[in-house]
Structure formats: C-alpha cells, structure tokens
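Those letters in the sequence shown? Residues 1 to 191, per this note's numbering, in order.
Heads up: the structure comes next, in structure tokens.
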Amino acid sequence: MAVKKVLKYGEKSLREPSKEVHKVSKKITELVQDLLDTMYAQNGVGLAAPQIGQNLRVFVIDVSSNNEPLNPIVFINPKIIKKSGGIVMEEGCLSFPEAYAKVKRYKNVMVKAMDIHGKSFVLEAKDGSLLARAIQHENDHLNGVLFIDHCINRFDMDSVLEQHHLPPVEVDRLLSEPDIDEELEKEQKND
1 MAVKKVLKYG EKSLREPSKE VHKVSKKITE LVQDLLDTMY AQNGVGLAAP
51 QIGQNLRVFV IDVSSNNEPL NPIVFINPKI IKKSGGIVME EGCLSFPEAY
101 AKVKRYKNVM VKAMDIHGKS FVLEAKDGSL LARAIQHEND HLNGVLFIDH
151 CINRFDMDSV LEQHHLPPVE VDRLLSEPDI DEELEKEQKN D
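Shown next, in the form of structure tokens:
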C-alpha cells in the first residue's frame, strides 16, 4: 500500500492505549500492508499501528536476517498469555531513531493473537530471542508503553535521548518490574 511517516517520541498518540479490532476488514488489511511497507522501508524488525498514527491493536514483526526470505508475522488483538525468565538487552525503536538503551524484558513469552485472515493463533518465543523481545516491545506500543519505560538506568537513557534531540524520560512512566527483577536475580544465581 504505502510507506507511512513513523511518529517520533514526544507525539501524544504514542502514549495512548489502542482499541481492539472487531473485524479484519479491508481497512485493517490495508493498515497491515502499510505497517509492513513502512517497517521494511525503515529496516525495522517490528512496527505497531500507533507508530503510524493508528491507535488500533495491530503490529507486525519480521525477524528474518539478511540472507533469509522475508517472514512477516501479523498480530491483531495480541495478548501475552505466559511470560517467564528475565533478560537485559540493548533495544531500539523506529520512533527513537538511532537511540538505543539497555532494557529489561521477559526471556520467554507466549502470545495469542489473530492473523490477517482473522484466525486465532498462539506463538511461543523463547530464550530472549529477538522474536521474544520484539513481541513484548510491539505489544507495549499498543498500551502506550515505550521501551524507555523499561530502561535499566534513567540517567543514561536521558543522556542518549538528549544526544538524539529527543525529549527526556518521563519519570512517572518508568515501570516498576519486580517480577522481571526476581527472574533476573534467579538467572544471575544460576550463572
């Protein structure tokens, strides 16, 4: 369909929760195609509808690498139904061009969603894989949560944002994540 403008951090709609999709209509299939076109044009791994100004519960992911064929996965009305483990990894976002930070994520997730045909599916992503982290990252977008809300060090994050001429961390949005912290402690003991 079309490559859309990706909203940058600071745009109000990135912080708004998205609405459920009630029917996989022509409008939704066009939205999915716009998301894919835009994600590929930006060399992204994932893109959520709010990032192109559509506050609907839809995102796309493709974790295929350079030498692999494209393998897009469409998630409509996703719900993370199981999560475990903890991992700290560097993450970025198309709404934060060239800004990266260490964030906390679950290592393993199971998500239930609908595909582009309205069929329900369940997908499990494990071991802190790019897919596991991308599912959490894009799902957060649907709830108005951004990757910087999971940052390990707020002051480091502010420094990175400032370097890229982006607004500072919204302190009241930082997430308290005792479940992940507990999982991370377990991981450290097992190392």
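Note that CB positions come from ideal geometry on N, CA and C, so glycine has one too.
Could you give the DSSP three-state label for residue i: helix, strand or coil?
| i | result |
| --- | --- |
| Arg57 | coil |
| Leu161 | helix |
| Leu142 | helix |
| Ala99 | strand |
| Ser120 | strand |
| Ser84 | strand |
| Lys79 | strand |
| Lys12 | helix |
| Ile152 | coil |
| Ala2 | coil |
If you follow the alpha helix (DSSP H) that residue i is in, where does it begin and where does it stop?
| i | result |
| --- | --- |
| Val32 | Lys26 to Ala41 |
| Glu183 | Pro178 to Asn190 |
Can you tell me the Cβ-Cβ gap for residue i and residue j, rounded? I've got them flagged as a contact below 8 angstroms.
| i | j | result |
| --- | --- | --- |
| Arg57 | Ile76 | 7 angstroms |
| Ile271 | Ile135 | Examination of residue 271 is not possible in this model, given that the chain is present from 1 through 191 alone. |
| Asn108 | Lys126 | 5 angstroms |
| Glu183 | Gly44 | With a Cβ gap of about 27 angstroms, Glu183 and Gly44 do not count as contacting. |
| Lys83 | Thr38 | With a Cβ gap of about 28 angstroms, Lys83 and Thr38 do not count as contacting. |
| Glu20 | Pro50 | Not really, about 14 angstroms apart at Cβ, beyond 8 angstroms. |
Out of the options, which one is the CA nearest neighbour of residue i?
| i | options | result |
| --- | --- | --- |
| Leu174 | Ser129, Val6, Asp140 and Leu123 | Asp140 |
| Ser18 | Asp37, Thr29, Glu124 and Ile52 | Ile52 |
| Leu131 | Asp156, Ile73 and Ser95 | Ile73 |
| Ile28 | Gln42, Ala48, Glu16 and Leu14 | Ala48 |
| Val6 | Phe96, Glu162 and Val122 | Phe96 |
| Ser192 | Pro78, Leu31 and Asn71 | Since the first residue of the chain shown is 1 and the last is 191, residue 192 is not available in this structure. |
| Leu94 | Gln188, Glu138, Val171 and Asn71 | Glu138 |
| Asp156 | Leu123, Ala99 and Ser129 | Ala99 |
So the beta strand (DSSP E) residue i belongs to, where does it begin and stop?
| i | result |
| --- | --- |
| Val171 | Where Val171 is concerned, there is no enclosing beta strand (DSSP E), given that its DSSP letter is neither H nor E. |
| Val111 | Asn108 to Met114 |
| Ala48 | Gly46 to Ala48 |
Is the number of C-beta pairs between the segment 147–164 and the segment 99–108 that are closer than 8 angstroms three or more? yes
Is the segment 111–119 close to the segment 20–27, with three or more CB pairs under 8 angstroms? yes
Are there three or more Cβ pairs, one per stretch, closer than 8 angstroms when the segment 8–16 is compared with the segment 152–170? yes
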